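Student: When the letters of the first sequence are read in order and numbered with my numbering, they come out as residues 1 to 113. A virtual CB, placed ideally from N, CA and C, is assigned to each residue, including glycine. As the structure is a prediction and not an experimental result, all values here were calculated from the model. Take a look at this one; I'll ask things after.
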Amino acid sequence: MGQTFNTQVYDIVRRIPAGCVATYGQVAALAGRPRNARMVGYALHSNPEPGVIPCHRVVFRDGSLAPGFAFGGPGRQRVLLESEGVAFTEASQQGNAGADGPRVDLSRCQWQA
DNA sequence: CCCGTGACAACAT
DNA sequence: CATGTTGCCACGG
Numbered sequence: 001m002g003q004t005f006n007t008q009v010y011d012i013v014r015r016i017p018a019g020c021v022a023t024y025g026q027v028a029a030l031a032g033r034p035r036n037a038r039m040v041g042y043a044l045h046s047n048p049e050p051g052v053i054p055c056h057r058v059v060f061r062d063g064s065l066a067p068g069f070a071f072g073g074p075g076r077q078r079v080l081l082e083s084e085g086v087a088f089t090e091a092s093q094q095g096n097a098g099a100d101g102p103r104v105d106l107s108r109c110q111w112q113a
């Protein structure tokens, strides 16, 4: 494991299968730094290989996405995820009281290593 | 070369 | 239960 944490992040994010999503903390934990979720975001921000690394499959711990910093525009990520079959929870989605903004249903689509 | 900031998450108050 | 603050590492100025 001589690679940097950053490189490990790319490797892990790259392993996320379509139709599933992973949280920053999860990726960070898999990379060996459970407290480094922040670096995961920074690593993806670096995005050395656009189109190769599915950054859109990485979301917040509560299922929300990065506001404003999405790879093409806010909302673009949701289209990509829905296109892969990821379940989204709308504000009217029962079972999730208080879900205002669109969030990924981690209960059903969170990636398990 | 040193300081501050940054796609987050968990703990403390 | 909600809000505020700290921790972590890397990169930019």
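Report the option in V21, R38 and Q112 whose CA atom is closest to the CA atom of E82.
Tutor: As a first step, residue 82 must be located in the first sequence, where it is residue number 82. The shortest Cα separation from E82 among V21, R38 and Q112 belongs to V21.
Student: Apart from the five residues just before and just after L106, which ones in its own chain have a Cβ nearer than 6 Å to its Cβ?
Tutor: Stepping through the first sequence from its first residue, residue 106 is reached at position 106. Counting only Cβ-Cβ distances below 6 Å, and skipping sequence neighbours, we find G63.
Student: Taking P17 and G25 to be in contact with their CB atoms under 8 Å, please state how far apart those CB atoms are, rounded to whole angstroms.
Tutor: As a first step, residue 17 is located in the first sequence; it is residue number 17 there, counting from the start. As a first step, residue 25 is located in the first sequence; it is residue number 25 there, counting from the start. At roughly 19 Å, the Cβ-Cβ gap does not stay under 8 Å, so P17 and G25 are not in contact.
Student: Cβ of Q8 within 7 Å of Cβ of A29?
Tutor: Translated into the one-based positions of the first sequence, residue 8 becomes position 8. Translated into the one-based positions of the first sequence, residue 29 becomes position 29. Contact flag unset, no.
Student: Would you kindly work out how many angstroms separate the C-alpha atoms of G101 and P74, rounded to a whole number?
Tutor: Locating residue 101 in the first sequence gives position 101, counting from the first residue. Locating residue 74 in the first sequence gives position 74, counting from the first residue. Their backbone Cα atoms lie some 12 Å apart in a straight line.
Student: On the three-state DSSP scale, how would you describe I12?
Tutor: If you number the first sequence from 1, residue 12 lands on position 12. Helix, per DSSP.
Student: One question on the structure: do V86 and I53 come within less than 7 Å of each other, judged by their Cβ atoms?
Tutor: Here residue 86 refers to the residue found at position 86 of the first sequence. Here residue 53 refers to the residue found at position 53 of the first sequence. No. Outside cutoff.
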